[in-house]
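Colleague:
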């Protein structure tokens, strides 16, 4: 379903498991992985900023912390991976970068779940799962990290 269009910039599609910011002639593909139980709508602005940089951006929808759901949603990841918050600790799809890095603590998971107004989830499950140290590059905190994100993507995709 097409949700909207920014003339000459991107078309926003909603495929339920992810939002796609589709642009003509992209420099590459980037997948934004929000922390579970985060909705793709909570992190859509970040996807729009990536699209504005010239990349086709997918923002995954991580509505629950059920392992089967996370694996199914991660199967839609394409290109370079940008994790938000503690996503790389619970929903890892491969090496990438992280912005706003944090631990999956009670306060952080509760904050993300509270912002996900589309779903009423049992977010406590996010705290009981195993977490691992993952291979990611910490780019800092938004909005200051946007410059680092742009440089990191350019280096990874052979631009500049």
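In my numbering, the protein residues as written are -14 to 145. Yeah, the Cβ is synthetic: ideal placement off N, Cα and C, and Gly gets one too. Just so it is clear, the structure is predicted and the values come from calculations on it, not from any experiment.
Below 8 Å CB to CB, which residues in the same chain sit around residue 95 once its five sequence neighbours on both sides are set aside?
Modeller: Start at 1 with the first residue of the chain shown, and residue 95 comes out as number 110. Within the same chain, residue 95 has close Cβ partners 108.
Colleague: When DSSP labels each residue in this structure, what does residue 45 get in the three-state scheme?
Modeller: Along the chain shown, one-based indexing puts residue 45 at 60. Reduced to three states, the DSSP call for residue 45 is strand.
Colleague: Answer yes or no: do residue 19 and residue 45 have a C-beta to C-beta separation smaller than 8 Å?
Modeller: By 1-based counting over the chain shown, the position of residue 19 is 34. By 1-based counting over the chain shown, the position of residue 45 is 60. It is a contact, given that the beta carbons lie within the stated cut-off.
Colleague: Go through the segment 65 to 110 residue by residue and report every complete run of the beta strand (DSSP E) that reaches 3 residues or more, in order.
Modeller: The qualifying runs are 65 to 69 and 81 to 84.
Colleague: So what's residue 16 in DSSP terms, helix, strand or just coil?
Modeller: Residue 16 sits at position 31 when you count from the first residue of the chain shown. Residue 16 falls in the strand class under three-state DSSP.
Colleague: Under 8 Å between the Cβ atoms of residue 84 and residue 41?
Modeller: Taking the chain shown and counting its residues from 1, the one referred to as residue 84 is at position 99. Taking the chain shown and counting its residues from 1, the one referred to as residue 41 is at position 56. No, the Cβ-Cβ distance between residue 84 and residue 41 is not below 8 Å.
Colleague: Compare the beta carbon distance of residue 66 and residue 21 with 8 Å and say whether it is the shorter of the two.
Modeller: As a working mapping, residue 66 is identified with position 81 in the chain shown. As a working mapping, residue 21 is identified with position 36 in the chain shown. No, the Cβ-Cβ distance between residue 66 and residue 21 is not below 8 Å.
Colleague: To the nearest angstrom, how far is it from the Cα of residue 73 to the Cα of residue 86?
Modeller: On the chain shown, position 88 is the one that residue 73 refers to. On the chain shown, position 101 is the one that residue 86 refers to. Cα to Cα, residue 73 sits roughly 9 Å from residue 86.
Colleague: Report yes or no: is there a C-beta of chain D within less than 8 Å of the C-beta of residue 44?
Modeller: The displayed structure is made up of one protein chain only, and chain D is not part of it.
Colleague: Taking 8 Å as the cut-off, decide whether the C-beta atoms of residue 32 and residue 11 are in contact.
Modeller: On the chain shown, position 47 is the one that residue 32 refers to. On the chain shown, position 26 is the one that residue 11 refers to. It is not a contact, given that the beta carbons lie outside the stated cut-off.
Colleague: Just tell me which of 4, 90, 69 and 27 has its CA closest to the CA of residue 110.
Modeller: Residue 110 sits at position 125 when you count from the first residue of the chain shown. For residue 110, the nearest C-alpha among the options comes from 90.
Colleague: Given residue 97, which residues of its chain have a CB within under 6 Å of its CB, disregarding the five upstream and five downstream residues?
Modeller: Here residue 97 refers to the residue found at position 112 of the chain shown. Answer for residue 97: 20 and 23, listed in chain order.
Colleague: Do you know offhand how far residue 51's Cα is from residue 8's?
Modeller: Within the chain shown, numbered from 1, the residue matching residue 51 stands at position 66. Within the chain shown, numbered from 1, the residue matching residue 8 stands at position 23. Residue 51 and residue 8: Cα-Cα distance of roughly 32 Å.
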